[in-house]
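Student: Would you mind keeping the following structure in view while I ask a few things?
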Amino acid sequence: ETGVTQSPTHLIKTRGQQVTLRCSSQSGHNTVSWYQQALGQGPQFIFQYYREEENGRGNFPPRFSGLQFPNYSSELNVNALELDDSALYLCASSSKRGGNTGELFFGEGSRLTVL
Amino acid sequence: GQNIDQPTEMTATEGAIVQINCTYQTSGFNGLFWYQQHAGEAPTFLSYNVLDGLEEKGRFSSFLSRSKGYSYLLLKELQMKDSASYLCALSPTGSSNTGKLIFGQGTTLQVKP
Numbered sequence: 097e098t099g100v101t102q103s104p105t106h107l108i109k110t111r112g113q114q115v116t117l118r119c120s121s122q123s124g125h126n127t128v129s130w131y132q133q134a135l136g137q138g139p140q141f142i143f144q145y146y147r148e149e150e151n152g153r154g155n156f157p158p159r160f161s162g163l164q165f166p167n168y169s170s171e172l173n174v175n176a177l178e179l180d181d182s183a184l185y186l187c188a189s190s191s192k193r194g195g196n197t198g199e200l201f202f203g204e205g206s207r208l209t210v211l
Numbered sequence: 030g031q032n033i034d035q036p037t038e039m040t041a042t043e044g045a046i047v048q049i050n051c052t053y054q055t056s057g058f059n060g061l062f063w064y065q066q067h068a069g070e071a072p073t074f075l076s077y078n079v080l081d082g083l084e085e086k087g088r089f090s091s092f093l094s095r096s097k098g099y100s101y102l103l104l105k106e107l108q109m110k111d112s113a114s115y116l117c118a119l120s121p122t123g124s125s126n127t128g129k130l131i132f133g134q135g136t137t138l139q140v141k142p
């Protein structure tokens with residue numbers, strides 16, 4: 097059983113650029129959620145994907161968007177990068193929809209620095 | 030909405046017991062999670078409480094009191110490797126999402142020899 101993997105692990109962008117982060121969910125998991133974790137803070141929910149559709153969104157602007165593919169892997173896209181977007185972006189997978197009873201399995205994250 | 034409070038930092042001695050508190054204000058939630066996150070690593074699941082009371086799992090225990098809006102994580106026989114951030118998180122009600130958790134800011138625990 098493979099865990100959640102994310103790429104790239106680190107990247108540096110400049111303001112105004114666009115970035116794509118990738119995530120492969122744990123084997124057998126069909127739900128992927130994305131979180132932003134600023135330094136010294138807890139993760140903040142960005143959105144979740146289930147069956148290739150966005151299924152719940154946190155308080156993030158539309159320039160944060162995503163995709164889920166038939167193999168359940170996912171992408172997070174951020175357009176028009178701002179300095180405050182510098183953070184660790186975590187992907188988490190789970191296997192059960194409805195009820196919030198399943199634990200989340202996190203990847204090790206993609207650390208984005210915006211200059 | 031939800032508001033979750035945890036102490037920012039705690040220090041404890043190897044072999045001792047430490048209790049990390051989490052208080053929250055929310056209109057309702059399904060359950061409360063505790064996650065451990067070592068520096069530069071992914072958060073990993075520690076415990077989940079749905080009902081009031083104590084859930085014990087080895088050296089770690091978690092307690093929930095819904096009426097008091099309070100939870101704690103108890104770590105016994107502390108080891109140096111327990112130095113990490115401990116995150117309290119709620120799973121909100123009224124939603125079909127399984128992937129949405131509301132996290133506190135985390136408590137950084139430093140275990141000293």
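Here the protein sequences come in this chain order: A and B.
Under this note's numbering, the very last position in the first sequence is 211; numbers go up by exactly one each time.
Under this note's numbering, the very last position in the second sequence is 142; numbers go up by exactly one each time.
Idealized CB from N, CA, C, for every residue including glycine.
#1: Comparing alpha-carbon positions, which option in F132(B), G133(B), T137(B) and T122(B) lies nearest V79(B)?
#2: When the Cα atoms are used, what is the spatial distance from F62(B) to E84(B)?
#3: List the DSSP bridge partners of D34(B).
#4: Taking 7 Å as the CB-CB cut-off, is F127(A) touching chain B?
#5: Please state if the CB of L184(A) and the CB of G205(A) are separated by a distance shorter than 7 Å.
#6: Residues in the same chain with beta-carbon distance under 6 Å from S114(B), minus the five sequence neighbours each way, listed in chain order, please.
#7: Between the stretch 51-61 of chain B and the stretch 171-185 of chain A, are three or more C-beta pairs nearer than 8 Å?
#8: From what residue to what residue does the beta strand (DSSP E) around G128(B) run?
#9: Does the distance from the C-beta atom of K217(A) to that of L179(A) stay below 7 Å?
#10: How big is the Cα-Cα spacing for Y145(A) and T127(A)?
#11: Quick test of your reading: L116(B) and I131(B), contact by CB under 8 Å. State the CB separation rounded to the nearest angstrom.
#12: Check the Cβ-Cβ distances between Q144(A) and every residue of chain B, and say whether any is below 7 Å.
#13: What whole-angstrom Cβ distance do T52(B) and G98(B) have, given they're in contact under 8 Å?
#14: Unbroken beta strand (DSSP E) runs of length 3 or more, entirely within the stretch 141-204 of chain A: which are they?
#15: Helix or strand or just coil, what does DSSP make of K110(B)?
#16: Just the chain A side, please: which residues come within less than 7 Å of Q65(B) by C-beta, in chain order?
Tutor: Concretely, from the data shown:
#1: It is T122(B).
#2: Looking at the two C-alpha atoms, the distance is approximately 11 Å.
#3: According to DSSP, D34(B) bridges with T52(B).
#4: Looking at the sequence itself, residue 127(A) is Thr, so the reference to Phe does not match. Interface flag for T127(A) against chain B is set, since a Cβ pair is found closer than 7 Å.
#5: Taking 7 Å as the Cβ cut-off, G205(A) and L184(A) qualify as a contacting pair.
#6: Excluding positions up to five away in sequence, the list reads Q66, G135 and T137.
#7: They do not touch, by the three-pair rule.
#8: Segment: none, G128(B) is in no beta strand (DSSP E) and carries neither H nor E.
#9: With chain A represented from 97 up to 211, any question about residue 217(A) goes unanswered, as that position is not in the structure.
#10: Roughly 6 Å between the two C-alpha positions.
#11: The pair is not a contact, with the Cβ atoms about 11 Å apart (cut-off 8 Å).
#12: Taking 7 Å as the CB threshold, Q144(A) lines the interface with chain B.
#13: Contact between T52(B) and G98(B) is confirmed by a C-beta separation of about 6 Å, below the 8 Å threshold.
#14: Correct list: 149-153, 160-164, 170-174 and 183-190.
#15: Helix, per DSSP.
#16: Within chain A, no residue comes near Q65(B); the closest Cβ sits about 11 Å away, beyond 7 Å.
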